[in-house]
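Here the sequence shown is numbered in full-length UniProt numbering, starting from 1 and rising by one per residue.
Beta carbons: idealized from backbone N, C-alpha and C, even for Gly.
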Amino acid sequence: MNPIIQVEHFSKKYGNFTAVDDISFTVGEGSIFAFLGPNGAGKSTTINTLCTILDKTEGHLIINGHDVSGERDLVRKDIGIVFQDSTLDTKMTVEENLKYHCSFYKVPKSEVQERIDFALGLVELTDWKGAIAGSLSGGMKRRAEIARGLVHNPKVLFLDEPTTGLDPQTRASVWKYIQQLQKQKNMTIFLTTHYMDEAEICSKIVIMDHGKIVASDTPENLECQYTNTEVNVACTQTEQLESALTQRGVSYKKMGTV
Numbered sequence: 001m002n003p004i005i006q007v008e009h010f011s012k013k014y015g016n017f018t019a020v021d022d023i024s025f026t027v028g029e030g031s032i033f034a035f036l037g038p039n040g041a042g043k044s045t046t047i048n049t050l051c052t053i054l055d056k057t058e059g060h061l062i063i064n065g066h067d068v069s070g071e072r073d074l075v076r077k078d079i080g081i082v083f084q085d086s087t088l089d090t091k092m093t094v095e096e097n098l099k100y101h102c103s104f105y106k107v108p109k110s111e112v113q114e115r116i117d118f119a120l121g122l123v124e125l126t127d128w129k130g131a132i133a134g135s136l137s138g139g140m141k142r143r144a145e146i147a148r149g150l151v152h153n154p155k156v157l158f159l160d161e162p163t164t165g166l167d168p169q170t171r172a173s174v175w176k177y178i179q180q181l182q183k184q185k186n187m188t189i190f191l192t193t194h195y196m197d198e199a200e201i202c203s204k205i206v207i208m209d210h211g212k213i214v215a216s217d218t219p220e221n222l223e224c225q226y227t228n229t230e231v232n233v234a235c236t237q238t239e240q241l242e243s244a245l246t247q248r249g250v251s252y253k254k255m256g257t258v
């Protein structure tokens with residue numbers, strides 16, 4: 001899997017305070033990538049720098065072959081952003097919000113309606129396109145934000161805490177749309193979250209704390225490395241069980257016979 005995002009020795013400082021401290025990682029093209037960590041870990045600072053909102057202090061950040069600091073306009077064409085807090089124009093309709101976004105990204109007029117219809121259909125908001133954005137529920141606003149973020153066909157969609165403040169059912173719905181988007185458009189999804197259950201469905205997880213990367217791997221490998229669950233099993237087919245555990249890399253100890 002070719003990397004579409006490359007971050008090398010990135011640091012961000014505010015005066016004497018270091019928000020992000022010399023981190024490096026890559027994101028594979030077409031993957032779902034998760035930044036996991038508590039509030040204040042440096043996740044949002046990193047995502048805002050990748051999105052050209054903040055300036056780096058040190059390091060190199062590349063998106064789709066373009067330098068984030070030196071080629072901002074090219075980077076912005078390749079990314080979509082869904083912020084943690086809603087940025088919809090609450091006085092416009094859902095469709096008007098998306099049309100305005102298309103004009104900002106110079107989407108060809110002949111393609112605008114088709115793209116809007118596809119995006120709203122993906123997040124199941126077709127019947128709500130004429131609704132005033134300010135009248136929507138929190139979950140529907142988040143879905144509209146996702147539709148707006150993808151309507152210009154970005155290579156990478158950044159989602160900053162996309163399900164924060166949503167109830168479990170709405171969280172599950174938002175994740176369904178994210179997975180559909182990744183499968184249908186082969187779009188790279190880069191998200192920040194502090195929900196471990198959300199990170200588990202991603203291709204790769206980077207865990208941050210106090211501005212540093214403390215772990216980076218697939219969900220399966222991280223689970224093996226950092227969990228120490230012990231289960232006692234009584235089994236008559238011991239050879240088959242030992243073979244299955246060995247194939248899966250699960251450590252075990254024979255305690256005796258029954």
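A distance below 9 Å separates the beta carbons of Leu98 and Ala147. Per DSSP, the unbroken alpha helix (DSSP H) holding Pro168 starts and ends at 168–185. Val174 is the residue among Val174, Phe158, Leu157 whose C-alpha sits nearest the C-alpha of Gly165. In this structure the segment 132–139 lies against the segment 90–108, because at least three pairs of beta carbons, one per stretch, are closer than 8 Å. The Cβ atoms of Ser24 and Lys56 lie no closer than 9 Å to each other.
Per the C-alpha coordinates, the member of Asn2, Thr18, Asp22, Gly138 positioned closest to Glu8 is Asp22. Runs of the beta strand (DSSP E) lying entirely within the segment 32–106, each at least 3 residues long, are 32–36, 58–63, 79–82 in chain order. Beta bridge pairing from DSSP links Phe158 with Ile81, Phe190. Contact between the segment 44–61 and the segment 116–126 is absent: fewer than three C-beta pairs spanning the two stretches fall below 8 Å. Counting other Cβ atoms within 10 Å of its Cβ, Gly40 stays below 16 and is therefore classed as exposed. Ala119 and Val151 do touch by the CB rule: their CB atoms are close to 5 Å apart, below 8 Å.
The Cβ-Cβ distance between Ile205 and Ile189 does not fall below 9 Å.
Around the C-beta of Ile53, fewer than 16 other C-beta atoms lie within 10 Å, and the residue is accordingly described as exposed.
For the pair Thr218 and Thr193, the CB atoms are not nearer than the 9 Å cut-off. Residue pairing by DSSP places Gln6 opposite Thr26, Ile62 in a beta bridge. Between Met196 and Gly30, the gap from beta carbon to beta carbon reaches 9 Å or more.
The criterion of a C-beta distance shorter than 9 Å is not satisfied by Ser86 and Arg143.
Sequence-distant Cβ neighbours of Glu58 in its own chain, meaning closer than 6 Å and more than five residues away, are Ser11. Looking at the DSSP output, Phe17 bridges to Tyr14.
Sequence-distant partners of Thr170 (beyond 5 residues in either direction) whose C-beta falls short of 7 Å from its own C-beta, in its chain, are Gly139. In the three-state reduction of the DSSP assignment, Val151 falls in the coil class. Counting C-beta atoms within 10 angstroms of its own C-beta, Met255 has fewer than 16 neighbours from the protein chains shown and is therefore classed as exposed.
Separation of Lys106 and Val214 (C-alpha to C-alpha, rounded to the nearest whole angstrom) is 40 Å. Taking C-alpha positions only, Gln113 is separated from Ile5 by approximately 30 Å. For Val112, the enclosing alpha helix (DSSP H) begins and ends at 109–122.
When the five nearest sequence neighbours on each side are left out, the beta carbons in the same chain lying within less than 7 Å of the beta carbon of Glu161 are those of Gln84, Thr192, Thr193, in order along the chain.
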